[in-house]
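Taking the working numbering, the leading residue of the sequence shown gets 26, the next gets one more, and so forth.
Even for Gly, the Cβ is constructed at its ideal location relative to N, Cα and C.
Reading through the structure tokens given below for one structure.
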Amino acid sequence: MTMTYTYKVSGIKVYSTNSQTDIIKEATLHIIGTEDNESYESFMPIELAEPSGLFTEFSSVTESQVQEWLKGTLGEDQLQANREGLASMYNNPMFSNAATREQPEEKELLVEE
Numbered sequence: 026m027t028m029t030y031t032y033k034v035s036g037i038k039v040y041s042t043n044s045q046t047d048i049i050k051e052a053t054l055h056i057i058g059t060e061d062n063e064s065y066e067s068f069m070p071i072e073l074a075e076p077s078g079l080f081t082e083f084s085s086v087t088e089s090q091v092q093e094w095l096k097g098t099l100g101e102d103q104l105q106a107n108r109e110g111l112a113s114m115y116n117n118p119m120f121s122n123a124a125t126r127e128q129p130e131e132k133e134l135l136v137e138e
């Protein structure tokens, strides 16, 4: 089976000027690689360039548009490097989701009142 990749956006930061409001300055791009029901995620905040040409009002911006802007800013080489990094985690015991003695799961106790 081959790893499939999906993308999502979070942490959008905006600013305004005298003529435009809610201009996206930065957003976090998440790359999620999934194979055999196991998922691995890489994420990075990316700063976007000043808008040029046509301006899309924030209320009309879609997540897929922001994904394309972020992926374009990051560049295909860096996207490919991130996808390869996620693929290298599959079946790698260092990145297993299962807790082991070598990689225990961290838990917190409930606070008694």
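For L99, no pairing in a beta bridge is given by DSSP. Proximity of the segment 46 to 53 to the segment 82 to 97 meets the contact definition, three or more beta-carbon pairs being nearer than 8 Å.
The three-state reading of DSSP puts V91 in helix, counting H, G and I together.
When the Cα atoms are used, I56 and E72 turn out to be separated by approximately 16 Å. Under a 10 Å Cβ-count criterion, V39 is classified as exposed, with fewer than 16 other Cβ atoms of the shown protein chains found around its own Cβ. With a cutoff of 9 Å on beta-carbon distance, P70 and G36 are scored as near each other.
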